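Numbering (my numbering), first residue to last: -8 to 468.
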């Protein structure tokens, strides 16, 4: 028999005027979306488009498409909307003439920064920095943040080999034709299921879907296993501990043997939660052990927080949950932080100029928006809201998993950064399609996972709407 409807009454939404619930007028994508896609396709190959949105009408947690379908958004532009659509704090961020001039006069920050740039970095980005990291460089996106982080890894390794001497003429000449010794054969260790971007070196460390990589020439850098746990965690402590040990041993073996194999590993890149690859979690022991291995072999420990950073796990940075002995060497970010960039330790600063550089090196206008976001997070206690709402989501998913074990398994998450697996990829795709018909927009990842990436203003009432709609879909399977 159908279950009793969940109570979706709630405190007032964080964004005034937000819709009270989903409203679907036609299929998604509807006729207007299809017509716009046909027009776009005349000039651009972008068959990944799901539908076209109306960003004038979208508000708070609700995304409105061009056919006037109002959807509760649990995917938020692939986890990149921090405080919802058209939040007043962001709409007013450029009200002042000074802010507007920052937006209009975009500088090449590496050579001509504005007078207030250092103070803006301190007030905004360093105010939200991972504990223990006091160096920051802005970038345009997550991929280029990781690319430049890899450079810092390689610079450190080569500086150690040179023992402080200057570049030789041979090094300077050979690097111009991509030959040794100026272009050394170095590598970065990454993990099966990881996703770190689509530019060359980041793509070499990406192992989530073949379509991201096929036909692209890339270096044959080492890759080892990221843990795959059995759930519920509390019922599989022994098996999951063995899995941690197995994966840590693999990583250590790869690092220990890399020099004699002719391609030294200068650093390790790892996501706190493997998002695109299927929302795979690692235990505190796994991340602590990985850091200890990096310290043992003097390689750089990079945690890629592009998708997890900015608060969705209930802390600004997901790795804060891991009780690490010290800060990671580098933390990269983008998405909910609205600007790309990397935090790092001081010993990774390059000694020469122009080595970490591009025309813009970020965008001061994005820091104006991020400043408004960070102030809103603090003012509204959105990290606390995320934790409370995450508890509702997790408990609700576990309840549905117990009621529909033939369809659902492996509930997991931190904060509202949650996921659950379906029994097959086809089932997952069907569930997502039927959820959208009911006005709920969620995402998929990995082979069969439903991933949830709501904004930080997503409240228990929104969680209950989602859970009720998911239940309706499962009852109809």
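Don't be surprised by glycine CBs; every beta carbon is placed ideally from N, CA and C. Bear in mind the structure is a predicted one, so any value in this text is a computation, not a measurement.
query	result
Alpha carbon of residue 404 to alpha carbon of residue 227, nearest angstrom	17 Å
Segments assigned alpha helix (DSSP H), at least 4 residues, entirely inside the stretch 353 to 412	355 to 371, 373 to 394
Burial state of residue -8, where buried means 16 or more other Cβ atoms lie within 10 Å	Here the model assigns residue -8 a pLDDT of 33, short of 50, so the residue's position is not dependable, and the following value carries that caveat. That one is exposed.
Under the three-state DSSP convention, the category residue 322 falls into	strand
DSSP state of residue 41 mapped onto helix, strand, coil	coil
Boundaries of the alpha helix (DSSP H) in which residue 30 is found, first to last residue	22 to 32
Residue burial classification, residue 361 (beta-carbon count within 10 angstroms, cutoff 16)	buried
Residue 295 versus residue 333: straight-line alpha-carbon distance, rounded	9 Å
Assigned secondary structure, residue 416 (DSSP; H/G/I helix, E/B strand, else coil)	helix
Inter-residue Cα distance where the pair is residue 415 and residue 337	47 Å
Backbone CA spacing between residue 452 and residue 363 [nearest angstrom]	25 Å
Pick from 393, 368, 402 that is closest to residue 469, judged by C-alpha positions	A query on residue 469 cannot be resolved here, the shown segment of the chain reaching from -8 to 468 and no further.
Whether residue 446 touches residue 12 by CB criterion (9 Å)	no
Local conformation of residue 247 per DSSP, three classes	helix
Touch test, the stretch 121 to 135 against the stretch 242 to 254, Cβ-Cβ under 8 Å, three pairs minimum	no
Cut-off 8 Å between Cβ atoms - residues of its own chain near residue 326, not counting five sequence neighbours on either side	69, 70, 71, 133, 297, 298, 300, 301
Supposed contact pair residue 188 and residue 199 - C-beta distance, whole angstroms, cut 8 Å	The Cβ separation is near 11 Å, so there is no contact.
Three-way DSSP call (helix, strand, coil) for residue 74 in this model	coil
Helix, strand or coil at residue 85 according to DSSP, with G and I counted as helix	coil
Residue 102 vs residue 358 beta-carbon contact at 9 Å	no
Candidates 312, 55, 281, of which the one nearest residue 77 by Cα	55
Distance, residue 96 Cα to residue 356 Cα	9 Å
Residue 22 versus residue 419 - alpha carbon distance	25 Å
The stretch 171 to 186 in contact with the stretch 214 to 227 per 3-pair CB rule at 8 Å	yes
Start-to-end residues for the beta strand (DSSP E) that takes in residue 198	No beta strand (DSSP E) contains residue 198, which DSSP labels as neither H nor E.
Between the CA atoms of residue 139 and residue 379 - distance to the nearest angstrom	36 Å
Whole-number beta carbon distance between residue 434 and residue 473, since they are thought to touch under 8 Å	With the chain covering -8 to 468 only, the question about residue 473 has no answer from this structure.
Close Cβ partners of residue 62 (< 8 Å) along its chain, the five nearest in sequence each way excluded	13, 15, 19, 53, 54, 55, 56, 427, 430, 431, 432
Residue 456 versus residue 385 - alpha carbon distance	14 Å
Terminal residues of the beta strand (DSSP E) in which residue 182 lies	178 to 182
Residue span of the beta strand (DSSP E) that contains residue 456, given as start and end	Counting along the chain, residue 456 falls outside any beta strand (DSSP E), though it belongs to the alpha helix (DSSP H) covering 451 to 466.
Residue 239 vs residue 261 beta-carbon contact at 9 Å	no
Span separating the alpha-carbon of residue 439 from that of residue 413	5 Å
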